[in-house]
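Protein chains in written order, with this note's numbering: chain A, 282 to 529; chain R, -11 to 4.
We put the beta carbon where it would ideally sit given N, CA and C, even for glycine.
Taking it in order: structure first as structure tokens, then the write-up.
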């Protein structure tokens, strides 16, 4: 494990938190101002009555928007742009959606079990038209359990960076380099958790989240393949090119 | 590279 001074850790925390805040899509102040308005029943029904392919396309667009912010986040993480291009792509292909799921807890309301989507707060029933009820309910459960950890923005930023810099992704060319970055990020996360006087259990709870994220993402890939098998042309012509690059 | 054209582009755009 690398030797890192406390000053270096503090610096890393600062850089990663700043990167997170600059690229988090919605600022805290914006989130507070956002009316916590849930979709009305008629609005929910109008989402539910959309054709399956239209709902998939809408969600692909929203996911892609969120992912573009994650790419910007990655670029600002110390050391990420020093990795070879192959590894930058590998890490983003595997980790960008995971970070979107992590960030989802910022726009999730546990009390009403709803997430900010398309202008208002949406419960799982809004996504019924996708035909992936089990995946949607797992995503909501994940967001709820992330929320229950009450992470600060600093902690969330470092955990997102830790997820993105996973050194065990397949096809990495300079695995050791990524490993070093991830270890440093983990030390910075531990440092912040300690400084914030969080209980010891938080880190192990976050480790469990890593495997939950992998499962969510592989299930997303499975659902996309099933959808593509039925609607190949819709994916080909109507889905955002970046989404196709990442998940195609 | 062709396969990840947009990702490459996004990575190369300046972060300013």
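Checklist entry - Any idea what DSSP makes of residue 355 of chain A, helix, strand or coil? => result helix
Item to check | CA-to-CA distance, residue 287 of chain A to residue 521 of chain A, given in whole angstroms | outcome: 43 Å
Checklist entry - What does residue 405 of chain A reach in chain D if we use C-beta pairs closer than 8 Å? => result The structure shown contains no chain D; its protein chains are A and R.
Checklist entry - Cβ atoms of residue 444 of chain A and residue 491 of chain A: under 8 Å apart, would you say? => result yes
Next on the checklist: Please state whether the Cβ-Cβ distance between residue 434 of chain A and residue 477 of chain A is less than 8 Å.
Outcome noted: no
Next on the checklist: Given this structure, state the Cα-to-Cα distance separating residue 334 of chain A from residue 502 of chain A, to the nearest angstrom.
Outcome noted: 16 Å
Item to check | Coarse secondary structure for residue 331 of chain A, derived from DSSP in three states | outcome: coil
Checklist entry - Taking just the CA atoms, how far does residue 390 of chain A sit from residue 2 of chain R? => result 34 Å
Item to check | Of the residues A/504, A/510, A/524, the one placed nearest residue 414 of chain A, counting alpha carbons only | outcome: A/504
Next on the checklist: List, in chain order, every chain R residue whose beta-carbon is nearer than 8 Å to that of residue 334 of chain A.
Outcome noted: Here the premise fails: no neighbours, minimum Cβ distance about 22 Å.
Checklist entry - Any idea if residue 496 of chain A is buried or exposed, counting beta-carbon neighbours within 10 angstroms, 16 or more meaning buried? => result By the C-beta density criterion, residue 496 of chain A is exposed, having fewer than 16 other C-beta atoms within 10 angstroms.
Checklist entry - Who pairs with residue 397 of chain A in a beta bridge, going by DSSP? => result A/402
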